[in-house]
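With the first letter of the sequence shown counted as 1, position 137 gets the number 141 in our numbering; the numbers rise by one all the way through.
Built from N, CA and C at the ideal position, the CB exists for glycine as well.
Contents: one structure, followed by commentary.
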Amino acid sequence: MNYFLYIFFAITVLPSSTFSQEYKNFTDMANRVVNHTIPLIKPEKVKDKTSKIYFLDAREKKEFFISHIENAQCIGYDFPDFSAMNKIPANAIIVVYCSVGYRSEKMAEKIKAMGYKNVFNLYGGIFNWANLNFPLVNAENKPTNKVHGYSQKWEKWLLTKNAVYE
5 MNYFLYIFFA ITVLPSSTFS QEYKNFTDMA NRVVNHTIPL IKPEKVKDKT
55 SKIYFLDARE KKEFFISHIE NAQCIGYDFP DFSAMNKIPA NAIIVVYCSV
105 GYRSEKMAEK IKAMGYKNVF NLYGGIFNWA NLNFPLVNAE NKPTNKVHGY
155 SQKWEKWLLT KNAVYE
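Quick look at the structure:
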């Protein structure tokens with residue numbers, strides 16, 4: 005009988021408490037979606053250095069085309085394309101970003117494993133960049149305030165309310 009109670013508890017109670025991810029605020033979310041395997045760098049530290057830093061976008065192309073940080077290269081996530089790495093010196097400063105930081109951390113780990121030393125994950129991703137009203141460009145390299153919302157669940161962290169999906 006105890007075995008059945010244990011199974012019942014494991015199926016009903018644990019998923020709602022242990023595995024649910026409710027975040028108090030943006031800072032809480034941005035700190036908890038990453039494993040801290042790659043150093044985080046705040047947008048404020050790199051905003052005015054976009055020509056001196058290699059920005060790599062770990063979102064998919066449809067997200068990248070809506071908006072990205074100027075001069076960023078899209079490497080993707082599901083089927084990453086690391087060909088941009090061929091043009092990046094081994095000692096360069098590389099900042100990887102995605103929507104909120106999860107995917108970019110995974111891609112930054114792979115880039116670091118390639119031998120790059122100065123690899124950072126943009127704290128809070130492009131959502132944080134946009135929330136700070138830092139400049140973004142679209143596929144035509146023209147200024148935009150739109151950002152791909154990734155999904156209804158995650159778009160709530162885009163405080164500028166400029167989420168789009170096409």
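Exposure of residue i, with buried meaning 16 or more beta-carbon neighbours within 10 Å
i, result
"TYR120", "buried"
"LEU162", "buried"
"MET118", "exposed"
"TYR169", "exposed"
"ALA34", "buried"
"ASP85", "exposed"
"PRO47", "buried"
"PHE124", "buried"
"PHE23", "Caution applies to PHE23, whose pLDDT of 37 falls short of 50 and renders its modelled position unreliable; the model cannot decide the point."
"ALA134", "buried"
Selection from the options that minimises the alpha carbon distance to residue i
i, options, result
"HIS152", "LYS65, MET111 and ILE98", "LYS65"
"ILE130", "SER108, LYS114 and VAL123", "SER108"
"ASN145", "ARG63, PHE59, ILE115 and SER71", "SER71"
"ILE79", "ASN132, TRP133 and LYS110", "LYS110"
"GLU113", "THR31, ILE42 and TYR27", "ILE42"
"ALA58", "VAL99, LYS150, ASP52 and ASN29", "Going by the sequence as given, residue 58 is Tyr instead of Ala. Of the listed residues, the one whose Cα sits closest to TYR58 is VAL99."
"SER155", "ASN137, ASN142, THR148 and LYS165", "LYS165"
Three-state secondary structure (DSSP) of residue i
i, result
"THR22", "In this prediction, THR22 scores a pLDDT of 35, lower than 50, which makes its location untrustworthy; the coordinate-derived value is nonetheless stated afterwards. THR22 falls in the coil class under three-state DSSP."
"TYR101", "strand"
"PRO139", "coil"
"PRO47", "helix"
"ALA112", "helix"
Integer Cβ distance of residue i from residue j, believed to fall under 8 Å
i, j, result
"ALA96", "ASN122", "7 Å"
"LEU126", "TYR106", "At roughly 12 Å, the Cβ-Cβ gap does not stay under 8 Å, so LEU126 and TYR106 are not in contact."
"VAL104", "VAL37", "6 Å"
Residue range of the unbroken alpha helix (DSSP H) whose run includes residue i
i, result
"PHE68", "65 to 70"
"ASN35", "30 to 36"
Residue i - containing beta strand (DSSP E), residue span
i, result
"ASP82", "From DSSP, ASP82 is part of no beta strand (DSSP E); its letter is neither H nor E."
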